[in-house]
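Enquirer:
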Amino acid sequence: MAKQEPSWRADVFKAPKRGHSLPEFEDAAAFDLDRLAFAVADGASESSFARDWAERIVADFAHNAGENLLDWLRGELPLVQAEWRAATDALSLPWYAELKREQGAFATLLGMAASPAGKWRALAIGDSCLFQVRECALVKCFPLERAEDFNSDPWLLGSRRPVSDPWASKAVRLVEGEFVRGDRFWLVTDAVAAWLLRRCKRDSDWQVKLPFEPTDQGFSAWVDQEREAGDLRNDDCTWMEIEAN
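Now the structure itself:
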């Protein structure tokens, strides 16, 4: 009998900064279960049009990333940049907003693609992170492995910065691995990633599983609880859970 390929599911949970609403949310997430491509991004608040840029890059990755993730970066991303420029350059803006537009928008990006053959690969620019979990144990974290590695100046993917620039050789991180049925992948933005790494370090016996009821309300309640406890930084939070069943 032929080996049955796993079925996949993906869920996205998000919560804005305290005092902000979802329309002000600058994280983005997208996935395509047919292509087995998944992505999260964290728009940089100090840049203009950050949310739009983050949404564009995750959507394009999910729908166009192939086996070679660098091919997406070199071939597809310039098209996304051109679309962003066409959309934003057509807007009539006050002079101070025009200056920000010329500087471009910025975001971190974490993209993952899987194959039915049991392989996965990921690309990261910045501090959004991937966690691979098997039977409540952490198998892999990428690209950062310690909570101390987070800082206020991560690498960012820019809407006007050519990927051929020298920065790319330092900013782009790649990894690949294998999965088995039942494995879960968490793609999370930086505040959640730092929380997870601190929790794993603090409690080596922790059963690594979702710490909240898997609903929007459950995630929001958990975020509020951890912020009140001082364990979760007040930032936009995104947690995508992917499972190979």
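Here the working numbering runs 23 ahead of the position in the sequence shown, where the first position is 1. Ideal placement from N, C-alpha and C gives every residue a C-beta, glycine not left out. Keep in mind that this is a model prediction, so the values were computed, not measured.
Hey, L153 and L210 are a contact pair by Cβ (cut 8 Å); roughly how many whole angstroms apart?
Expert: Correct: roughly 6 Å between the Cβ atoms.
Enquirer: Give the DSSP-derived three-state secondary structure of M24 in the structure shown.
Expert: Low confidence applies to M24: its pLDDT is 44, below 50, so where it sits in the model is not reliable enough to give any reading.
Enquirer: For the 8 Å Cβ check, are there 3 or more pairs between the segment 241 to 249 and the segment 112 to 124?
Expert: No contact exists between the segment 241 to 249 and the segment 112 to 124.
Enquirer: Suppose the cutoff is 6 Å on Cβ atoms and the five residues either side in sequence are ignored; what does the same chain contact list for S182 look like?
Expert: Result list for S182: W76, Q104, W107, G127 and A128, in chain order.
Enquirer: So L219 is in the alpha helix (DSSP H); what residue range does that whole segment cover?
Expert: Element bounds for L219: D213 to R225.
Enquirer: How big is the Cα-Cα spacing for R79 and I148?
Expert: Distance between the alpha carbons of R79 and I148 is about 15 Å.
Enquirer: Going along the chain, which residues of its own chain have a beta-carbon closer than 7 Å to the beta-carbon of R207, five neighbours each way excluded?
Expert: V156, E264, I265 and E266.
Enquirer: Which class does A252 belong to by DSSP, given the choice of helix, strand or coil?
Expert: A252 falls in the coil class under three-state DSSP.
Enquirer: Note the first and the last residue of the continuous alpha helix (DSSP H) segment covering W190.
Expert: W190 to A194 is the extent of the alpha helix (DSSP H) around W190.
Enquirer: I think F84 touches A51, with their Cβ atoms under 8 Å apart; what is that distance to the nearest whole Å?
Expert: Actually they do not touch by this definition, with Cβ atoms about 10 Å apart.
Enquirer: How big is the Cα-Cα spacing for A194 and P177?
Expert: Roughly 9 Å between the two C-alpha positions.
Enquirer: So what does E199 bridge to, in DSSP terms?
Expert: For E199, which the question treats as bridged, DSSP gives the partners R144.
Enquirer: So, for F235: in the same chain, excluding its five sequence neighbours on each side, which residues have a beta-carbon less than 6 Å away from its beta-carbon?
Expert: Same-chain partners within the cutoff: G241, F242 and W245.
Enquirer: Quick check on the burial criterion: 16 or more other C-beta atoms within 10 angstroms. Buried or exposed for C260?
Expert: It is buried - the Cβ of C260 has at least 16 other Cβ atoms within 10 Å.
Enquirer: How many angstroms separate the CA atom of P166 from the CA atom of E121?
Expert: Each residue's alpha carbon lies about 34 Å from the other.
Enquirer: My output table needs one value for D1: the three-state DSSP class, helix, strand or coil.
Expert: The requested residue 1 is not part of the displayed model; the chain covers only 24 to 268.
Enquirer: Quick one: grab the DSSP three-state call for L59.
Expert: If DSSP states are grouped into helix, strand and coil, L59 belongs with coil.
Enquirer: Distance, Cα to Cα, A191 vs L220?
Expert: Taking the straight line joining both Cα atoms gives about 26 Å.
Enquirer: Would you mind reading off the limits of the beta strand (DSSP E) that contains T111?
Expert: Run containing T111: none in the beta strand (DSSP E); it sits in the alpha helix (DSSP H), L100 to D112.
Enquirer: What does DSSP give as the partner residues of F153 in its beta bridges?
Expert: It should be noted that the sequence gives Leu, not Phe, for residue 153. The partner list for L153 (beta bridge, DSSP) reads F165 and L210.
Enquirer: One question on the structure: do R74 and E49 come within less than 8 Å of each other, judged by their Cβ atoms?
Expert: Yes. Within cutoff.
Enquirer: Taking Cβ positions, are A64 and A130 nearer each other than 8 Å?
Expert: For A64 and A130, yes; Cβs fall inside 8 Å.
Enquirer: Between which two residues does the alpha helix (DSSP H) harbouring R41 extend?
Expert: No alpha helix (DSSP H) holds R41; DSSP gives it neither H nor E.
Enquirer: Who are the Cβ neighbours of L233 in its own chain at under 6 Å, not counting the five residues just before and after it?
Expert: Excluding positions up to five away in sequence, the list is empty.
Enquirer: Does DSSP put W183 in a helix, in a strand, or in coil?
Expert: Looking at the sequence shown, residue 183 is not Trp but Arg. DSSP places R183 in coil when its eight states are reduced to three.
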